[in-house]
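Asks: Pasting a structure here, questions to come.
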Ligand code: GDP
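Numbering (my numbering), first residue to last: 849 to 1144.
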């Protein structure tokens, strides 16, 4: 087990007998530990740097309060800065649009896109009482459309009937038409992934977006994504324009640094968190919990 960041900071800073303001030197020493903790938590390096710069600005010169030790005070500053950069209160999925509208799910293969599509559909059906239609636009992996159909049967959410030979854009357009005719509120579009980002994938995503005008475009990403998180989030955001992030596998022992990395580089909120394989293993995002996890 590693020592928690708060213990390490207390160890460094509580040697200070002198009270008064935190000096540049005190803060710099503490920030070396903060940097280590963030790297251990898989935060991408450019984000580590901008984070520690912000903490330095906030901490240097701050009077140490009588009620706490300097270590505790720096831990609080780090924690508050993390929560702020993770997005404060957390944001729900925006349902404020005329029905039927699309929610487009994008991301790499294996990130948990199909599972998250069904989880969100179930939540919107049960908690928000919306009539939801799911459609798989993954024509590359033969089993993908079938996988969503099975999930639909398990959760009781309707899926668009599979028609062989259609392109992703044709399926997406058919889903929107079926939703209009069938009185659905929301269409969940489960797009194809790849093992890595490539140009044809981005072109396909842009075409689906143009055909369906989705109200939300959610990037599904594995919380264990490390240094790749920045590239992943910026690519999808620049090329497709995401409105939020769904972070999967938060039930694993990852420390959640990807949440900070992706939020910091795109400014887009983490909206939901996957916490297991079951259809109800989906939770709202709580920045303070992730901050605690990152701090260890
Ligand atoms: P896709 O290729 O992006 O559509 O990924 P899938 O939805 O098929 O998910 C890949 C695997 O990850 C499946 O075995 C899922 O059950 C699993 N999975 C998805 N989300 C989570 C999660 O939040 N926690 C855990 N433990 N497993 C998940």
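Virtual Cβ for every residue (Gly too), placed ideally from N, Cα, C.
These figures come from a predicted structure and were not determined experimentally.
#1: Rounded to whole angstroms, what's the CA-CA distance from residue 950 to residue 992? Just pull it up for me.
#2: Which residue comes first and which comes last in the beta strand (DSSP E) that contains residue 982?
#3: From the DSSP output, in three-state form, read off residue 1118 for me.
#4: Taking 8 Å as the cut-off, decide whether the C-beta atoms of residue 1104 and residue 1066 are in contact.
#5: Between residue 961 and the ligand GDP, is there a pair consisting of the residue's CB and a ligand heavy atom that are separated by less than 7 Å?
#6: Is the separation between the beta-carbon of residue 858 and that of residue 917 shorter than 8 Å?
#7: Would you say the beta carbon of residue 1042 comes nearer than 7 Å to a heavy atom of the ligand GDP?
#8: Assess contact between the segment 997-1013 and the segment 1047-1065, defined as three or more Cβ pairs (one per stretch) separated by less than 8 Å. Is contact present?
#9: As an exercise, report each continuous alpha helix (DSSP H) stretch of at least 4 residues that is fully enclosed by the segment 1060-1126, in chain order.
#10: According to DSSP, what are the bridge partners of residue 911?
#11: Helix, strand or coil for residue 945 per DSSP?
#12: How many angstroms separate the CA atom of residue 923 from the CA atom of residue 896?
#13: Quick check on residue 1048: buried or exposed, where buried means 16 or more other Cβ atoms within 10 Å of its Cβ?
#14: Tell me where the beta strand (DSSP E) around residue 1038 begins and ends.
#15: Does the structure place the segment 957-973 close enough to the segment 1101-1117 that three or more beta carbon pairs sit under 8 Å?
#16: With a cut-off of 8 Å on the beta carbons, I'd call residue 1023 and residue 1037 a contact; round off their distance for me.
#17: Start and end of the alpha helix (DSSP H) containing residue 1001?
#18: Looking at C-alpha atoms only, which residue of 904, 966, 869 and 955 is the closest neighbour of residue 1070?
#19: Hey, residue 1203 and residue 904 are a contact pair by Cβ (cut 8 Å); roughly how many whole angstroms apart?
#20: Please determine whether the Cβ atom of residue 921 lies at a distance below 7 Å from any heavy atom of the ligand GDP.
#21: Please report the straight-line C-alpha distance between residue 886 and residue 1083, rounded to a whole angstrom.
#22: From residue 849 to residue 1072, what distance separates their C-alpha atoms?
#23: State the DSSP-derived secondary structure class of residue 954, mapped to helix, strand or coil.
#24: Are the CB atoms of residue 1138 and residue 934 nearer to each other than 8 Å?
#25: Please name the residue or residues paired with residue 1130 in a DSSP beta bridge.
#26: For a test of the three-state rule: what should DSSP assign to residue 1055, helix, strand or coil?
#27: Report the three-state DSSP secondary structure of residue 1043 (helix, strand or coil).
#28: With a threshold of 16 other CB atoms inside 10 Å of the CB of residue 1128, please say whether the residue is buried or exposed.
#29: With H, G and I counted as helix, E and B as strand and the rest as coil, what does DSSP make of residue 888?
#30: Would you mind stating whether residue 1099 and residue 1074 have Cβ atoms separated by less than 8 Å?
Replies: By the coordinates alone:
#1: As a first step, residue 950 is located in the chain shown; it is residue number 102 there, counting from the start. As a first step, residue 992 is located in the chain shown; it is residue number 144 there, counting from the start. So the two alpha carbons sit approximately 19 Å from each other.
#2: As a working note, residue 982 is residue 134 in the chain shown. Note, residue 982: beta strand (DSSP E), 980-984.
#3: Within the chain shown, residue 1118 is the residue found at index 270, counting from 1. Strand.
#4: To locate residue 1104, count along the chain shown from 1; it is residue 256. To locate residue 1066, count along the chain shown from 1; it is residue 218. No.
#5: Residue mapping note: residue 961 aligns to position 113 of the chain shown, counting from 1. At least one heavy atom of the ligand GDP is nearer than 7 Å to the Cβ of residue 961, so yes.
#6: Taking the chain shown and counting its residues from 1, one reaches residue 858 at position 10. Taking the chain shown and counting its residues from 1, one reaches residue 917 at position 69. Yes, the pair counts as a contact, with Cβ atoms nearer than the cut-off.
#7: If you number the chain shown from 1, residue 1042 lands on position 194. Answer for residue 1042: no, Cβ out of range of the ligand GDP.
#8: no
#9: 1077-1087 and 1105-1114
#10: As a working mapping, residue 911 is identified with position 63 in the chain shown. DSSP lists 869 as the bridge partner or partners of residue 911.
#11: Residue 945 sits at position 97 when you count from the first residue of the chain shown. Of the three classes helix, strand and coil, the one that applies to residue 945 here is coil, per DSSP.
#12: The residue you call residue 923 lines up with position 75 of the chain shown. The residue you call residue 896 lines up with position 48 of the chain shown. Approximately 16 Å, taken between the alpha carbons.
#13: The sequence position of residue 1048 within the chain shown is 200, counting from 1. Residue 1048 counts as exposed, since fewer than 16 other beta carbons sit within 10 angstroms of its beta carbon.
#14: Reading the chain shown from its first residue, position 190 is the one you call residue 1038. It spans 1034-1038 - the beta strand (DSSP E) in which residue 1038 sits, taken as one unbroken run.
#15: no
#16: Here the question's residue 1023 lines up with position 175 in the chain shown. Here the question's residue 1037 lines up with position 189 in the chain shown. Right, their Cβ atoms sit about 7 Å apart.
#17: Start at 1 with the first residue of the chain shown, and residue 1001 comes out as number 153. In the DSSP assignment, residue 1001 falls within the alpha helix (DSSP H) that extends over 990-1003.
#18: To locate residue 1070, count along the chain shown from 1; it is residue 222. Looking at 904, 966, 869 and 955, the one whose alpha-carbon comes closest to that of residue 1070 is 955.
#19: Only positions 849 to 1144 of the chain appear in the structure, and residue 1203 is not among them; the question remains open.
#20: In the chain shown, the residue the question calls residue 921 occupies position 73. No, the Cβ of residue 921 stays beyond 7 Å of every heavy atom of the ligand GDP.
#21: Here the question's residue 886 lines up with position 38 in the chain shown. Here the question's residue 1083 lines up with position 235 in the chain shown. When rounded, the distance between both Cα atoms is 23 Å.
#22: Reading the chain shown from its first residue, position 1 is the one you call residue 849. Reading the chain shown from its first residue, position 224 is the one you call residue 1072. The predicted position of residue 849 is uncertain, since its pLDDT is 47 and thus under 50; no value can be drawn from it.
#23: One-based indexing of the chain shown puts residue 954 at position 106. If DSSP states are grouped into helix, strand and coil, residue 954 belongs with the strands.
#24: As a first step, residue 1138 must be located in the chain shown, where it is residue number 290. As a first step, residue 934 must be located in the chain shown, where it is residue number 86. Yes, the Cβ-Cβ distance between residue 1138 and residue 934 is below 8 Å.
#25: Your numbering for residue 1130 matches position 282 in the chain shown. Paired residues: 1122.
#26: As a first step, residue 1055 must be located in the chain shown, where it is residue number 207. Reduced to three states, the DSSP call for residue 1055 is helix.
#27: Counting from one through the chain shown, the residue named residue 1043 turns up at place 195. Residue state, collapsed to three classes: coil.
#28: Translated into positions along the chain shown, residue 1128 becomes position 280. That one is exposed.
#29: For the purposes of this step, residue 888 is taken as residue 40 along the chain shown, with counting starting at 1. The answer is helix: DSSP assigns residue 888 an H, G or I state.
#30: Your numbering for residue 1099 matches position 251 in the chain shown. Your numbering for residue 1074 matches position 226 in the chain shown. No, the pair does not count as a contact, with Cβ atoms beyond the cut-off.
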